[in-house]
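Trainee:
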């Protein structure tokens, strides 16, 4: 009986070790700060832009500095379009809205101090679907606001990834200007 208990404990320990090894082998790791190819950037957002504030916070967390004047920046992000939209997706049998599609569309470009395009005009479109129930109007408004905040965070992360990916274009231009 004592041997059975030991075998059971050993098999439980082995199973836990196997699960731990499998979790570490899946490749999951926390997303770190973006590795941006510039030390300073000018952001062409309105001062009260929620996307601009969040992007600035993320850029500064990565070690780059957001400057107030485009002349002082190694990169200049220009906002070409920024809009939110809501479209009816489905109606119920009474002709009332059952689902909406929420959209956030954002277009930007990045240039260097000489005006050379580093990132050409790039459009990002995000979409979320929300069900609607007129009996839960306040809850659905809160859910819609939450989905827009989620899309905003997703948008900022996509912009950061595109800025980090522009590293080769900026480093090529720096090498050409140094020659």
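Numbering (this note's numbering), first residue to last: 24 to 202. Every residue, glycine too, gets a C-beta built ideally from N, C-alpha and C.
(1) Within a Cβ cutoff of 7 angstroms, which residues of the same chain sit near residue 28, ignoring the five residues on either side of it in sequence?
(2) Contact defined as beta carbons within less than 8 angstroms: I believe residue 59 pairs with residue 87. What is the distance between those atoms, to the nearest angstrom?
(3) Considering only the alpha carbon of each residue, which of 39, 70, 187, 92 lies closest to residue 136?
(4) At 3 residues or longer, and completely inside the segment 41-105: list those beta strand (DSSP E) runs for me, N to C.
(5) Going by beta carbon distance, what residues of the same chain come within less than 7 angstroms of residue 147, once the five residues before and after it are set aside?
(6) May I have the straight-line CA-CA distance separating residue 26 from residue 39, to the nearest angstrom?
(7) Between the C-alpha atoms of residue 52 and residue 78, what's the straight-line distance to the nearest angstrom?
(8) Measure the C-alpha to C-alpha separation of residue 45 and residue 34 and round it to an integer number of angstroms.
(9) If you count every other CB in all the chains shown that lies within 10 Å of the CB of residue 8, and 16 or more means buried, which is it?
(10) Are the beta-carbon atoms of residue 132 and residue 140 separated by less than 8 angstroms?
(11) Alpha carbon to alpha carbon, what distance is there between residue 120 and residue 161?
(12) Exposed or buried, what is residue 83 when buried is set at 16 or more other beta-carbons lying within 10 Å of its beta-carbon?
(13) When the Cα atoms are used, what is the spatial distance from residue 64 to residue 186?
(14) Note down the Cα distance separating residue 115 from residue 122, rounded to an integer number of angstroms.
(15) Take residue 61 as the anchor and find which of 71, 149, 99 has the nearest alpha-carbon.
Mentor: The answer reads as follows:
(1) Working through the chain shown from its first residue, we reach residue 28 at position 5. None.
(2) The sequence position of residue 59 within the chain shown is 36, counting from 1. The sequence position of residue 87 within the chain shown is 64, counting from 1. Indeed, because the Cβ distance is near 5 angstroms, the residues count as touching under 8 angstroms.
(3) Taking the first residue of the chain shown as position 1, residue 136 is located at position 113. Taking only the C-alpha atoms, the option nearest residue 136 is 92.
(4) Those beta strand (DSSP E) runs which fall completely within the segment 41-105 and span 3+ residues are 63-67, 88-90.
(5) For this step, residue 147 is matched to residue 124 along the chain shown. Only residues of its own chain outside the window of five on either side were considered, and among them 129, 178, 181 have a CB closer than 7 angstroms to the CB of residue 147, listed in chain order.
(6) Within the chain shown, numbered from 1, the residue matching residue 26 stands at position 3. Within the chain shown, numbered from 1, the residue matching residue 39 stands at position 16. One Cα belongs to residue 26, the other to residue 39, and the distance between them is close to 20 angstroms.
(7) Here residue 52 is taken as the residue at index 29 of the chain shown, counted from 1. Here residue 78 is taken as the residue at index 55 of the chain shown, counted from 1. Only weak support is given to the placement of residue 52: the predicted model assigns it a pLDDT of 48, under 50, and the value that follows is read from those uncertain coordinates. Looking at the two C-alpha atoms, the distance is approximately 22 angstroms.
(8) Looking up residue 45 in the chain shown gives position 22. Looking up residue 34 in the chain shown gives position 11. Residue 45 and residue 34: Cα-Cα distance of roughly 16 angstroms.
(9) Residue 8 is absent from the model: the chain starts at 24 and stops at 202.
(10) Residue 132 sits at position 109 when you count from the first residue of the chain shown. Residue 140 sits at position 117 when you count from the first residue of the chain shown. Taking 8 angstroms as the Cβ cut-off, residue 132 and residue 140 qualify as a contacting pair.
(11) Position 138 of the chain shown holds residue 161. Position 97 of the chain shown holds residue 120. So the alpha carbons of these two residues sit roughly 16 angstroms apart.
(12) Start at 1 with the first residue of the chain shown, and residue 83 comes out as number 60. It is exposed - the Cβ of residue 83 has fewer than 16 other Cβ atoms within 10 Å.
(13) Numbered from 1 along the chain shown, position 41 holds the residue referred to as residue 64. Numbered from 1 along the chain shown, position 163 holds the residue referred to as residue 186. Those two C-alpha atoms are separated by around 10 angstroms.
(14) Counting from 1 along the chain shown, the entry for residue 115 is found at position 92. Counting from 1 along the chain shown, the entry for residue 122 is found at position 99. Near 9 angstroms, if we compare the C-alpha coordinates of residue 122 and residue 115.
(15) Position 38 of the chain shown, counted from the start, is the residue given in the question as residue 61. For the residues 71, 149, 99, the minimum Cα distance to residue 61 belongs to 99.
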